[in-house]
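Asker: Please read through the structure below; I'll follow up with questions.
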Amino acid sequence: MTTSLAAETTTASRRWLVPSMLLLVCALFIVSLTVGPVKLSPTDVLAALTGVTASPNRVIVMEIRLPRAILALAIGGILGLSGAAMQGLLRNPLSAPSLFGAPQSAAFAAVATISLGLNDTLSWGLPVAAITGAFLSVFVLIAVAGRNASLLLLILSGLAVSSLAGAGTALAMNLAPNPFAALEIAFWLLGSLEDRSMRHVILALPFIIPAGILLYSQRGAFRALSLGEEAAESLGVNVELLRLIVIIGVALGVGASVAVAGSIAFIGLVAPHLMRPLVNHDPARLLLPAGLAGSALLLSADIAVRIIPATTDIKVGVLTSIIGVPFFLYLILRQRKSLAGGLA
Amino acid sequence: MSAALTLDDVSVSLGGRIIVSGASVTLEKGHLVALIGPNGAGKTTLLKAMAGLHPSQGRIRLDGAEIASLSRRDRARRVAYLPQGHQVHWPLTARDVVALGRFPHGLADPARLTPDHARAIDAAMTRTETTAFADRPIMALSGGERARVMLARVLAVEAPVLLADEPTASLDPRHQITVMNDLKAESRRGALVVAVTHDIALASRLADTIVLMNEGRVVAQGTPDEVLTDAALADVYGVRAARQSIDGEHLVTPWSLA
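Line by line, the protein sequences are chains A and U.
FYI, the numbering for the first sequence is 103 to 446, going by our numbering.
FYI, the numbering for the second sequence is 77 to 334, going by our numbering.
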């Protein structure tokens with residue numbers, strides 16, 4: 103029986119997928135603590151983490167590298183999960199918050215409140231503003247594109263939303279009181295995890311964790327949505343409510359991420375795509391592995407920017423875009439046939 | 077036989093336009109009902125209203141209970157709905173698609189089946205003869221195979237009322253007969269099965285009851301012989317039918333323009 107054998111293999115690989123992704127993320131997390139101007143071995147790191155006495159190593163690990171690694175883990179995870187949730191809701195592998203202008207809008211809202219003097223980069227108002235920006239953009243996108251939106255409608259509306267947010271951000275920089283303020287905004291928009299402290303972790307996690315729980319709790323509904331909105335409704339899914347929950351979850355996650363790390367794009371597109379074949383394309387089983395893959399990707403990218411020799415530090419958001427955009431083109435290429443026929 | 081579904085003066089309007097007006101029908105358990113009528117007559121809209129998917133005016137009662145008063149989950153357990161077109165957006169395996177029929181009964185993950193869910197899924201796949209390709213992705217199946225898998229999905233709900241929107245559209249003759257026979261068999265198990273169809277020949281042979289719609293109104297309901305009269309076919313479809321009796325079954329085939 104070849105079919106049942108194949109089924110068993112996939113069940114086995116499915117069972118190992120989450121534990122092996124967890125292992126990978128743990129390993130990358132440790133590596134992330136060892137990399138930097140001061141090279142530490144994993145044993146040094148463990149000693150610093152568990153040590154009680156204040157050695158220089160302990161200061162480096164606890165105050166500089168640990169917040170950075172925690173943020174990479176959390177932000178990568180929520181971006182991967184948001185991407186998978188959005189793709190489940192819209193039933194399209196090419197959808198991701200970053201393509202629809204959510205990070206750009208979050209960034210605009212954050213920048214606007216900073217330049218108006220309402221917030222500084224460490225206040226609670228910043229994630230709240232960024233989350234509001236992200237929420238509005240996703241809400242407008244889904245309202246404009248409507249039910250059963252085609253990819254063409256989504257991409258066009260997303261383009262409009264992100265262009266508007268980009269223009270708004272440019273205006274804020276344009277009106278910045280001095281060139282240094284403009285430079286600060288620009289650097290922050292590039293997306294980076296450098297020099298983040300526990301204060302940033304405390305600012306982001308209270309939003310990112312509920313967002314993750316909210317999106318993950320809807321997994322059964324995403325699977326039912328595979329059959330289309332009407333069939334899902336007939337199975338008892340409240341599609342209107344689901345849409346609202348996904349918008350809120352994505353806005354909380356993306357908004358909080360942008361507020362502390364700037365815009366880091368394409369994790370939400372790449373991570374679910376890498377995991378999808380390993381879960382038999384099931385949009386429900388995809389969520390957890392996609393989140394873990396997002397964490398692994400951002401941790402790796404953040405390790406890479408510290409290893410790549412360059413005169414100035416490369417920003418991690420720049421790196422994910424440089425890798426993500428060709429990947430997006432490759433996805434379009436792969437789907438060219440179906441897209442050419444079915445865009446409208 | 078008792079009434080499974082009663083519609084009392086049901087009207088549905090979409091975007092300010094009245095699609096169905098004043099529909100009153102009584103449909104009985106154990107019957108296969110064919111809902112027929114020209115394109116745009118309001119068949120799909122009425123079917124969705126029966127499934128509780130469209131807000132409607134008037135009363136739709138399911139075993140005496142008003143459908144609007146049921147919880148989502150309760151309604152989903154009592155009315156299975158098969159939409160037109162058999163779309164599946166991800167290449168799930170056939171078995172995972174059928175397992176979605178257990179969603180209203182609380183099946184969250186098809187990898188963790190209770191014996192009751194497994195029994196319902198197996199039974200539905202056996203009856204539709206889809207067990208052979210249970211592990212194949214749905215995208216890799218032919219149109220006929222996919223239609224049978226989608227039928228198995230609604231059978232797995234094990235609901236007392238099954239509503240199917242053009243279940244035989246774009247299928248080859250063999251699969252048209254297979255699907256209609258499966259629906260007939262489901263009605264013989266005691267369910268009320270309502271199928272929207274354009275296939276008057278199959279409806280005249282297999283349906284217990286025919287509901288004929290035109291321009292948003294139910295214009296006739298009854299047995300095939302009562303409904304499919306020359307006058308009704310000429311009036312509603314503008315066609316004349318050829319009539320034949322084969323093995324004691326009456327066959328009505330649209331033949332020429334009236």
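By construction, the Cβ of each residue, glycine as well, lies at the ideal position given by its N, Cα and C atoms.
Counting only beta-carbon separations shorter than 8 angstroms, does residue 137 (chain U) have a partner in chain A?
Answerer: So, not an interface residue.
Asker: Go through the segment 116-188 of chain A residue by residue and report every complete run of the alpha helix (DSSP H) that reaches 4 residues or more, in order.
Answerer: Taking only runs of at least 4 residues, the alpha helix (DSSP H) segments lying wholly in the segment 116-188 of chain A are 144-152, 158-161.
Asker: Which partner residues of residue 289 (chain U) appear in the DSSP bridge assignment?
Answerer: For residue 289 (chain U), which the question treats as bridged, DSSP gives the partners U:294.
Asker: Please list, in chain order, the chain U residues whose beta carbon lies closer than 9 angstroms to that of residue 338 (chain A).
Answerer: Result: 147, 148, 149, 150, 151, 152, 153, 179, 180.
Asker: Given a limit of 7 angstroms on CB to CB distance, which residues of the segment 326-352 of chain A reach chain U?
Answerer: Residues passing the 7 angstroms Cβ filter: 326, 328, 329, 330, 332, 333, 335, 336, 337, 338, 340.
Asker: Smallest Cα separation from residue 160 (chain U): which of U:261, U:319, U:245, U:221?
Answerer: Closest by alpha carbon: U:245.
Asker: From U:147, U:135, U:230, pick the residue whose C-alpha is nearest to that of residue 198 (chain U); which is it?
Answerer: Ranking the options by Cα distance to residue 198 (chain U), first place goes to U:230.
Asker: Name the two residues that bound the continuous alpha helix (DSSP H) containing residue 252 (chain U).
Answerer: Run containing residue 252 (chain U): 249-264, per the alpha helix (DSSP H) assignment.
Asker: Three or more beta-carbon pairs under 8 angstroms between the segment 173-183 of chain U and the segment 232-241 of chain U, yes or no?
Answerer: Yes, the segment 173-183 of chain U touches the segment 232-241 of chain U.
Asker: Of all Cβ atoms in chain A, is any one closer than 8 angstroms to the Cβ of residue 184 (chain U)?
Answerer: So, interface residue.
Asker: May I ask you to list the residues that DSSP assigns as paired with residue 299 (chain A)?
Answerer: Residue 299 (chain A) is not bridged to any residue.
Asker: Look up residue 231 (chain U) in the DSSP assignment and say whether it is helix, strand or coil.
Answerer: Note: residue 231 (chain U) maps to helix in three-state DSSP.
Asker: For residue 124 (chain A) and chain U, any beta-carbon pair shorter than 8 angstroms?
Answerer: Not an interface residue.
Asker: Does the segment 160-178 of chain A come within contact of the segment 302-314 of chain A, defined as at least 3 CB pairs closer than 8 angstroms?
Answerer: The segment 160-178 of chain A is in contact with the segment 302-314 of chain A.
Asker: Can you give me, in chain order, the residues of the segment 179-205 of chain A that have a beta carbon less than 7 angstroms from any beta carbon in chain U?
Answerer: Of all residues in the segment 179-205 of chain A, 193 have a Cβ within less than 7 angstroms of some Cβ in chain U.
Asker: Taking DSSP's pairing of strands, which residues face residue 87 (chain U) in a bridge?
Answerer: BP columns for residue 87 (chain U) point to U:133.
Asker: At a cut-off of 7 angstroms, is residue 268 (chain U) close to the ligand MG when judged by its beta-carbon and the heavy atoms of the ligand?
Answerer: Here there are no bound small molecules, and the ligand MG is not part of this structure.
Asker: Taking only runs that begin and end inside the segment 351-433 of chain A, name each unbroken alpha helix (DSSP H) of 4 or more residues, in chain order.
Answerer: Listed in chain order, they are 369-377, 389-409.
Asker: Considering only the beta carbon of each residue, do residue 93 (chain U) and residue 128 (chain U) sit closer than 8 angstroms?
Answerer: Not closer than 8 angstroms, so no.
Asker: Taking 8 angstroms as the CB-CB limit, is residue 108 (chain A) close to chain U?
Answerer: Any reading at residue 108 (chain A) must be qualified, since the residue scores a pLDDT of 44, below 50, and its modelled position is unreliable; no value is offered.
Asker: Check the Cβ-Cβ distances between residue 229 (chain A) and every residue of chain U, and say whether any is below 8 angstroms.
Answerer: By this cut-off, residue 229 (chain A) is not an interface position.
Asker: Identify whether residue 173 (chain U) lies in helix, strand or coil by the three-state DSSP scheme.
Answerer: It is helical.
Asker: Judging by CA-CA distance, which residue of U:175, U:204, U:317 is the nearest neighbour of residue 191 (chain U)?
Answerer: The shortest C-alpha separation from residue 191 (chain U) is found at U:175.
Asker: Cβ atoms of residue 373 (chain A) and residue 392 (chain A): under 8 angstroms apart, would you say?
Answerer: Yes, Cβ-Cβ distance for residue 392 (chain A) and residue 373 (chain A) is below 8 angstroms.
Asker: Using alpha carbons as the reference points, say which of A:409, A:376, A:366, A:386 lies closest to residue 201 (chain A).
Answerer: Per the Cα distances, A:366.
Asker: I'd like to know if residue 165 (chain U) contacts chain A, where contact means its C-beta is closer than 8 angstroms to some C-beta of that chain.
Answerer: By this cut-off, residue 165 (chain U) is an interface position.
Asker: Contact criterion: CB-CB distance below 8 angstroms. Does residue 384 (chain A) meet it with respect to chain U?
Answerer: Yes, residue 384 (chain A) counts as interfacial toward chain U.
Asker: In the segment 384-398 of chain A, which residues sit with their C-beta less than 8 angstroms from some C-beta in chain U, listed in chain order?
Answerer: So the close ones are 384, 385, 386, 387.
Asker: Are the segment 135-151 of chain U and the segment 298-308 of chain U in contact at 8 angstroms, needing three or more beta carbon pairs?
Answerer: No contact exists between the segment 135-151 of chain U and the segment 298-308 of chain U.
Asker: Distance, Cα to Cα, residue 429 (chain A) vs residue 205 (chain A)?
Answerer: Using only the alpha carbons, I get a separation of about 19 angstroms.
Asker: Just to make sure I have the definition right: I need the residues of chain U whose C-beta is within less than 7 angstroms of the C-beta of residue 322 (chain A). Which are they?
Answerer: Ordered by position in chain U, the residues that pass the 7 angstroms Cβ test against residue 322 (chain A) are 179, 184.
Asker: Where residue 422 (chain A) and residue 285 (chain A) are concerned, what is the direct C-alpha to C-alpha distance, given to the nearest angstrom?
Answerer: Straight-line Cα distance between these residues: approximately 21 angstroms.
Asker: Find the residues of chain A that neighbour residue 157 (chain U), judging by a C-beta separation of less than 9 angstroms, and give them in chain order.
Answerer: The answer, in chain order, is 332, 333, 335, 336, 337.
Asker: Within this structure, are the beta carbons of residue 108 (chain U) and residue 81 (chain U) separated by less than 8 angstroms?
Answerer: Going by C-beta atoms, residue 108 (chain U) is not nearer than 8 angstroms to residue 81 (chain U).
Asker: By alpha-carbon positions, which one of A:338, A:326, A:414, A:310 ends up nearest to residue 397 (chain A)?
Answerer: Among A:338, A:326, A:414, A:310, the Cα nearest to that of residue 397 (chain A) is on A:310.
Asker: How many Å lie between residue 225 (chain U) and residue 206 (chain U) at the Cα?
Answerer: So the two alpha carbons sit approximately 6 angstroms from each other.
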